[in-house]
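Just remember that our numbering sits 4 ahead of the position in the sequence shown, which is counted from 1.
C-beta: ideal position from N, C-alpha, C; glycine also.
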Amino acid sequence: MLNTPTWRRFHTGFCEFIAVLVRCAQHNVVYDEYLMDGLIAFLTGLSDSQVRAFRHTSTLAAMKLMTALVHVALSVSLQKDNAQRQYETERAKDLGCWAPGKLEGLLEKQKEGMCEKSRLRIWILIAVPVVCFPRDLLPEIRAICIGEMGQWIQHYTTSFLTDGYLKYIGWTLHDKVGCQGRKCICFEKSNSLMMGFVLQQAEVRLRCLLALQGLYCSPEIASQMELFTSRFKERIVSMVLDKEPQVATEAVRLLTLILQNTDGALTGADCERVFPLVYASSRPVAAAAAFFIESEVSETFEPQEEGEESRQHLARLVLVQCFVLHPQFHDHAAYLVDSLWDCASTLLKDWPVLTGLLLEESSIEGLGDLRESSLILILVASMRQATEGHPPIGRFSGKKVFSARERKGQSEERLRLTQHFVPLLPQLLAKFSADAEKVGPLLEALRYFDLTHYSSGRLEKVGGPFHYSASLPLYLVSPPKQALPPASPNSLNPFPPPQGLPLDTAGVTLSVSSSFQYLDLLLSQLKEVVEKHTSSEVLELASQTLQLLCSTEFAFYNRVDFARSCIMDYLADKFQHEATELLQSSFSEKEEVYSMATTLRRIAFFHRGMVSLGNVQELALAPCALFIRSAHDLTPWRFFEPCISLLRHLLNTGEACEQVVIPAMTCAHFSLLWELSRCSAEAVPDQQQLLSLKDKVAAFCSLCQSCLVDMEPCVQEQAFVLLSDLLLIFGPQLADGGQQELVYQPESALQLQMAGFLMDHVFNHSQAQDDDSENGELQVEQLHQRRNLLSGFCKLVVYGVLELSAASDVFKYYSKFYDDYGDIIKETLNQTRQIDRIEWAHTLLLCLQQLLTQLFLEEGPRATDSATFLEIRDLARQFSLLFGLHQLQNRPALVALHKDGIKFAFEEPASPSAGLGLINLPFLELLSEFSPRLLPPDKALLLAYLKTTGQAHFSGSRDEPCWPSLLLYQHSLSPQREAASKRRHLNGSSKRSGSSLISSSRLQTPLLTSTTLRAKRQLMGPPLGEESSGSEVEFAQ
């Protein structure tokens, strides 16, 4: 029962010893009635013991002995059958051909086999009571019995394939009592650590499933288990949702065997309960469910002839598509492909079949719109799986490490994939360029190419029944547009037809064989995608695809850079024309606004590249070179000035709409970042250029500040994000790099406005969330956005852009919004404490002062008994815990906090009134929460300072309502309190020592081992006299 290596080896050796012993004695000693009867009686008696170790060991020995006897009985049965068969063969001969001696020997051998078989059968029947131990309390014993019983039935079906034995396996399938996982029990003996192992209860169900798999893997045995299948099929199907992934995996594998080796045992409803498991987070469960689906599909479509493999792949793929499009299942193709990869990788890597279906033009055989979308998703997910091999998010924890063989296979598959898709990707983009749902994944497919293949020379044409030649209609090479000038840096069509090709467009196709020509076709289609689409997903993928190709390490960099320049020339000209018309017109029409918004969106996404607005805050303090690797440098097109002019015009006229303002601010923001990157790259930057950049930053911050109020919420949030990012990048850290001129310090009005924005958009919502609401996903997304806003503001405080006192507007919500932002605020508290502990303590004090003042303004001076005051006091207690155990480091900060708090408590109101008095005196109750962190000398110093400060206010009169707070604070600083606590500690220890001396003269009472007596002693409790005396001392203190 132990799980140490030594005991595991002993367990294996013990089981092997019993099997070898019986096998060696199968012809003589095993038939000794006295020995076998005594051994079986001994093991049966021990297996009924109340001692767990005896019961476990004897049950294991009895089960292994019965298994060995079953093998001996099977061997004897085979010998008897052979003798019977030989005897009948001799008897079938003619009378003159008989051999009497041989017949007598065969008959004697047959009788001896029957006698041995009957004797073994009797001993097995004697040991039948052991079968009752599947009902044992211990799961280890139940698992042993079920496992061995499965071997009996599998090897000796003639005697054991009966309902009398199968029912135990079926009943044990319902074994649900158990712990959540494996546990280890440690026993310390003789300075050695022995590990005890408690088997998890799921092991019993697992053994049942493994035993049934051994039975259903044989069609002959499965055909004899129709009654068992009909009786326990519902339970087996329900076990695919077992809480243990291993049990669920084996249940799905068992259903797969039932599907393969039985006729109609599983209905359609049973199969539908297994299908969704391909999206399970556990990969073994998902892979088993995928193999179940593949088995069902394979039974439906089997190739009848040698040339029908491709047609079979096509039919199976259509069925997989139907499964993807099922309305009740998910549409995550990556998880489906990852599940099917182990059993259907050949189908998923059949690139000719996949592309042939997508390029099919026949309206009869062609796919529908939904099937085309699902097939493209499957295609891209298969490409990713073939070239990278990483499972989707949630399927694997940690980083998967590939062997050299696996990496070589991925490289070969990437090369084969590239050779096939380089000629066909422009055709796919041309066919689906108008559909955003289809063109996006196709652009993503370029990530899995071997891009060096575009500059490696010529490509061979593709052949085969489902392979399409690398040819395109002429209008795909040169799109039919208006007459344009020859190719130039400002040309709208920088990809002229290859020289020497026919220009007849009447059905003539161009045979494109050069790698650079395929690249030109791809860039041409990419330009059309940018012109047609305005969705964020497509534009971001197009920008990332162009960025992927714009790498200086490729030989075709000049071609791609030229294409990018042409695209940006087109967008810049269009933006300049539309902006001029919009600025000159007194009234903007919807069409003009929409056109301007789409153009700005395209430019903004090319600015951003792979940088998303949610991640800019994480990259803000990174080197500026990071932006060069993460986006397109559009500085030569000078988008900042027109964007600023457009924003000023929209804000002044009051016609600002989010479709235009947000992308315009984004373009201006990234223009400043790229200009900063260029200035940082220069060894000796131009001072005039630096001053111009700082003026631009000030102008942009002023515009963002104007957008924080009286605008749509999405515009305000975007302005706040961009403003916090820009202030952080142009913060004090630039002075360390020798760029002191670029440091921008925000004005106090801007700081207050940003803090007010947080109050309105982050800390102004209800914490009560309805879990059953239909807008659960929307609430999570909004919470993520609010956390993003808060983290941006906190970074400004941590990195010294904003004053530390500005964080008081955040710290005072630490308790109230702990569930939503507790981790962010706590990290900010820890980080700011390392900057300046005294200033940090003043900030905490300012938070408490603001909260108390707000409480008195809302509820009056008598609000000290309210629940809100208790919440403020709890916040003060949590603040005090942040000082930690380093009293010497925190000593100046704590003393300064208490002194300033005392001054605030005795501060006269701004407009003195006879009825108010010292309204801030309850603040001393909040200060008392920080008193335990003080050193005794500091307590005495603060107590004297308290008396000196309060002497002027309480010398002539006594304000009774204010005294409790003062007494409480004095008591927290009083040295008698600490002395009293020490006195109580000494009195308690002396009492315990005295009682020990008295009890030492008597015999020690032995420890109770009965749980019943121990429970009674616990109910009795401590003596009444000791409890009352302790309570009296505490009350007196």
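{"query": "Integer Cβ distance of PHE797 from SER728, believed to fall under 8 Å", "result": "6 Å"}
{"query": "First through last residue of the alpha helix (DSSP H) which encompasses SER752", "result": "752 to 765"}
{"query": "Selected residue, minimal CA-CA separation from MET600, among LEU552, GLN588, ALA668, PHE644", "result": "ALA668"}
{"query": "Between the CA atoms of PHE767 and TYR561 - distance to the nearest angstrom", "result": "49 Å"}
{"query": "Own chain, CB closer than 8 Å to PHE21, minus 5 neighbours either side, in chain order", "result": "none"}
{"query": "Close beta carbons around ASP824, own chain, < 8 Å, minus the five adjacent residues each side", "result": "GLN771, LEU787, ARG790, ARG791"}
{"query": "Under 7 Å between C-beta atoms of ILE148 and THR63", "result": "yes"}
{"query": "Burial state of ILE298, where buried means 16 or more other Cβ atoms lie within 10 Å", "result": "Looking at the sequence provided, one finds Glu at residue 298 rather than Ile. Burial call: buried."}
{"query": "Cβ shell of GLU448 (< 7 Å), same chain only, five flanking positions each side left out", "result": "VAL384, LEU545"}
{"query": "Unbroken alpha helix (DSSP H) run spanning PRO896, endpoints", "result": "891 to 909"}
{"query": "THR549 (DSSP reduced to helix, strand or coil)", "result": "helix"}
{"query": "Assigned secondary structure, LYS816 (DSSP; H/G/I helix, E/B strand, else coil)", "result": "coil"}
{"query": "Buried versus exposed, by CB contacts within 10 Å (16 or more), TYR38", "result": "exposed"}
{"query": "ILE607 beta carbon near the ligand ADP (any heavy atom closer than 6 Å)", "result": "The ligand ADP is not among the ligands present in this structure, which contains no ligands whatsoever."}
{"query": "Same chain, Cβ closer than 7 Å to ARG89, five either side skipped, listed in chain order", "result": "none"}
{"query": "For ALA948, three-class secondary structure by DSSP", "result": "helix"}
{"query": "Which listed residue (LEU362, PRO395, THR391) has its alpha carbon closest to that of ILE380", "result": "LEU362"}
{"query": "Rounded C-alpha distance that separates SER884 from MET758", "result": "28 Å"}
{"query": "Reference LEU945, options VAL899, PHE425, ALA867, LEU141, closest by Cα", "result": "VAL899"}
{"query": "Proximity test, Cβ basis, 7 Å: LEU340 and chain E", "result": "Of the protein chains in the structure, only one exists, and it is not chain E."}
{"query": "Where CYS661 sits in the DSSP three-state scheme", "result": "coil"}
{"query": "CB contact flag (PHE453, SER547, <7 Å)", "result": "no"}
{"query": "Short Cβ contact (7 Å threshold) for ALA291 with VAL278", "result": "no"}
{"query": "Cβ distance (whole Å) where LEU732 is taken to contact TRP678 below 8 Å", "result": "Their Cβ separation, rounded to whole angstroms, is 17 Å, which puts LEU732 and TRP678 out of contact at 8 Å."}
{"query": "Element boundaries [alpha helix (DSSP H), containing ILE148]", "result": "143 to 159"}
{"query": "For CYS647, the three-state DSSP class (helix, strand or coil)", "result": "helix"}
{"query": "Where ASP690 falls: helix, strand or coil (DSSP)", "result": "coil"}
{"query": "Cβ-Cβ distance between THR857 and SER809 below 7 Å", "result": "no"}
{"query": "First through last residue of the alpha helix (DSSP H) which encompasses TRP11", "result": "9 to 28"}
{"query": "Rounded straight-line distance, which links the Cα of ILE607 to that of PRO896", "result": "54 Å"}
{"query": "Pair within 7 Å by beta-carbon distance, ASN924 and PHE934", "result": "no"}
{"query": "Beta-carbon proximity list for PHE436, same chain, < 6 Å, skipping 5 on both sides", "result": "LYS442, VAL443"}
{"query": "For ILE828 and VAL701, the rounded distance between their alpha carbons", "result": "28 Å"}
{"query": "Cβ distance (whole Å) where THR260 is taken to contact PHE296 below 8 Å", "result": "5 Å"}
{"query": "For GLN743, the three-state DSSP class (helix, strand or coil)", "result": "coil"}
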